[in-house]
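Have a look at the structure below, then the notes.
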Amino acid sequence: MAIIKQPSCDDPIEPALLPVAEAKRRLSELMPALTETDVVDTVNAANRVLAEAVVSPIDVPSATNSAMDGYAIHSADIPATGEVHLSVVGEAFAGRAYPSKMQSGEAVRVFTGAVLPEGADTVVIQEHVELHGAQVGIDHTAQAGRNVRHAGEDITCGGTVLNAGRRLSAADIGLIASLGIRSVSVTRTLKVAFFSTGDEVQALDESISETLPQGMVYDSNRHTLRCLLQALGVEAIDLGIVRDTFDDTLQALKAASEQADVIVTSGGISAGEADYVTKAFHELGDVSFWKLAMRPGRPLASGKIGNATFFGLPGNPVAVMVTFLAFVQPALKQRMGMQNVEPIAIPAVSAENIKKSVGRTEYQRGVFSMSEEGELTVALTGKQGAGRLSSMSVANCLIVLDDLVNGVKAGDTVKIWPFDGLLP
Ligand code: AMP
Ligand code: MG
């Protein structure tokens with residue numbers, strides 16, 4: 002008699018799978034933006050999320066000034082043809098203005114950043130003049146209004162410089178400082194507790210065992226998650242490794258829910274005998290347990306325990322990273338009050354054929370680079386198993402193949418999510 006097979010992760014496609022887009026929509030509802038705020042010094046505000054827009058209290062530049070070293074003149078003195086001689090009546094330096102009003106027929110020696118003398122509207126650069134004793138020669142090629150930076154041309158007093166929901170970058174901090182703003186209102190720091198699960202999972206701590214006993218695996222998920230969480234700017238609370246028992250899992254989830262806004266776990270959410278996270282979670286809160294139409298990382302659990310939001314990620318190390326990047330990171334960003342929470346997707350030309358079935362979203366590990374023709378191309382990192390963390394380490398992007406993509410041919414354009422940004 003033939004064995005009747007249960008649905009499993011090995012099935013090519015299963016109709017009951019939840020599409021990625023629908024899972025994202027549901028998670029988004031679970032994660033409203035924090036409303037509590039902190040006021041922090043500008044110097045300590047990098048990576049924090051603005052709770053209120055930053056409005057400039059000043060014009061930048063604060064005064065109309067010279068963009069070059071040269072001579073400030075009035076444009077009415079530029080001759081229609083030939084050359085004119087103007088009297089050099091004084092000097093203006095950055096931080097030391099010419100004290101009087103200039104008259105027609107006069108010029109003032111100016112240096113970059115010097116406030117433009119009253120009565121002048123143009124700077125002729127020093128390379129374009131001829132000196133004749135106390136006079137300077139300007140010819141008809143001088144252009145009215147050139148080499149002048151106008152007050153408020155970069156930023157106008159009262160104008161919004163940065164919108165609420167922006168995570169502050171190095172450039173933002175410099176910009177805020179340039180306006181003389183000493184503190185900003187930001188959303189409070191999100192607390193995220195995380196732990197690994199599994200009897201086979203071994204801590205890096207060598208007091209437990211110097212070598213890896215047979216059948217054990219070193220814990221990598223907790224370390225990956227800590228780095229990902231810290232990079233996001235949340236307070237990452239490491240709750241260690243929880244063994245595969247109902248009571249241990251229950252206690253760990255309870256403890257996590259009492260000290261954190263969000264709980265992220267790895268492993269123990271499949272339907273196996275030793276998978277206790279989902280069982281314990283059912284006891285404590287309101288759980289949704291999904292089989293997602295995605296690869297890697299099919300199971301995902303989520304819901305609420307008290308006031309904390311819970312994300313149960315799969316155990317496989319690549320699946321942990323992919324589900325974190327695709328689901329948890331955007332959800333955390335949304336909770337932190339950020340706008341623009343989705344990864345930036347860019348197109349790249351696939352260097353190779355990629356097998357892929359319709360009906361699920363696949364996240365393949367890729368390496369993108371610029372070809373000699375100046376085209377962005379992407380290649381797979383090699384074997385793509387969900388347990389091969391080395392593929393994530395080699396990769397510099399994920400190749401995201403949506404539900405409807407039915408295989409990729411070399412030369413086709415695919416969507417990638419680059420890992421690195423340029424600015425911190
Ligand atoms: P599970 O979903 O708990 O059955 O785990 C799936 C696979 O991921 C198993 O091979 C586990 O040994 C592995 N795994 C689970 N947790 C970790 C971890 N923290 N670090 C490394 N591998 C893990
Ligand atoms: Mg397990």
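Each number in the numbering used here comes from the position in the sequence shown (counting from 1) with 1 added on.
Note that the Cβ used here is the ideal one computed from N, Cα and C, for glycine as well.
Just so you know, these numbers come straight off a predicted model, no measurement behind them.
Around the Cβ of residue i, are there at least 16 other Cβ atoms within 10 angstroms (buried) or fewer (exposed)?
i, result
"PRO1", "No information on residue 1 is available, as it lies outside the stretch 2 to 425 that the chain covers here."
"LYS357", "buried"
"ALA108", "buried"
"LYS334", "buried"
"PHE247", "exposed"
"TYR219", "exposed"
"VAL193", "buried"
"ARG1", "Nothing about residue 1 can be reported from this structure: the residues present for the chain run from 2 to 425 only."
"ILE264", "buried"
"ASP206", "exposed"
"ASN341", "exposed"
"CYS228", "exposed"
"VAL288", "buried"
"GLN203", "buried"
"PRO33", "exposed"
Tell me, to the nearest whole angstrom, how far the beta carbon of residue i is from that of residue j; I am working on the premise that it is less than 8 Å.
i, j, result
"LEU19", "LYS292", "7 Å"
"VAL124", "VAL137", "With 8 Å as the limit, VAL124 and VAL137 do not qualify as a contact, their Cβ atoms being about 12 Å apart."
"PHE311", "PHE290", "Actually they are not in contact, since the Cβ atoms of PHE311 and PHE290 sit about 11 Å apart, beyond 8 Å."
"LEU233", "ILE306", "Their Cβ separation, rounded to whole angstroms, is 21 Å, which puts LEU233 and ILE306 out of contact at 8 Å."
"LEU87", "ILE74", "6 Å"
"VAL350", "THR414", "6 Å"
"ASP404", "ARG361", "6 Å"
"ASN148", "GLY114", "Between GLY114 and ASN148 the Cβ distance is about 12 Å, and since that is not below 8 Å, they are no contact."
"VAL150", "ALA68", "With the sequence shown as reference, residue 150 is identified as Arg, and Val is not the correct amino acid for it. About 5 Å; that satisfies the 8 Å criterion."
"VAL21", "MET295", "5 Å"
"THR212", "VAL278", "Not a contact, Cβ separation roughly 28 Å."
"VAL187", "ASP39", "6 Å"
"THR382", "SER370", "Incorrect: roughly 13 Å between the Cβ atoms, too far for contact."
"GLY316", "GLY269", "7 Å"
"SER391", "ALA309", "The pair is not a contact, with the Cβ atoms about 33 Å apart (cut-off 8 Å)."
"SER63", "ALA152", "6 Å"
Would you kindly work out how many angstroms separate the C-alpha atoms of residue i and residue j, rounded to a whole number?
i, j, result
"THR266", "VAL368", "28 Å"
"PRO300", "LEU314", "7 Å"
"CYS10", "LEU176", "Summary for CYS10: the model assigns pLDDT 48, below 50, so the residue's position carries little reliability, and this model does not support an answer."
"ASP262", "ASP70", "56 Å"
"ARG389", "ILE182", "48 Å"
"VAL243", "ILE355", "38 Å"
"GLU53", "VAL185", "8 Å"
"LEU424", "ALA47", "12 Å"
"ILE400", "GLU363", "8 Å"
"LEU35", "MET337", "6 Å"
"ILE238", "PRO58", "39 Å"
"SER179", "THR157", "13 Å"
"ASN164", "SER170", "13 Å"
"PHE328", "ALA346", "15 Å"
"THR82", "GLY422", "53 Å"
"GLN127", "ALA143", "11 Å"
"LEU132", "THR43", "47 Å"
"SER372", "VAL395", "19 Å"
"SER105", "VAL56", "39 Å"
"GLU154", "GLY160", "11 Å"
"ALA98", "ALA121", "13 Å"
"ALA380", "PHE325", "23 Å"
"GLN1", "GLY298", "The question about residue 1 has no answer, for the chain in this structure spans 2 to 425."
"TRP418", "LEU402", "11 Å"
"SER84", "GLY96", "The question names Ser, yet the displayed sequence has Glu at residue 84. Taking the straight line joining both Cα atoms gives about 31 Å."
"SER101", "HIS129", "25 Å"
"GLY146", "VAL162", "27 Å"
"GLN231", "PRO348", "29 Å"
"PRO344", "LYS25", "13 Å"
"GLU236", "ASP173", "22 Å"
"VAL50", "PRO331", "14 Å"
"GLY286", "GLY304", "7 Å"
"ASN397", "GLY216", "31 Å"
"ILE4", "GLU274", "21 Å"
"GLY166", "MET339", "4 Å"
Which partner residues does residue i have in the DSSP bridge list?
i, result
"ASN66", "VAL116 and ARG150"
"LEU424", "Its beta-bridge partners do not exist; DSSP assigns none."
"PHE196", "THR266"
"PRO300", "LYS292"
"PRO419", "CYS398"
"PHE247", "Beta-bridge pairing links PHE247 to no other residue."
"MET371", "LEU377"
Is residue i near the ligand NAD, with its Cβ less than 7 Å from a heavy atom?
i, result
"GLY199", "Of the ligands this structure carries, namely the ligand AMP and the ligand MG, none is the ligand NAD."
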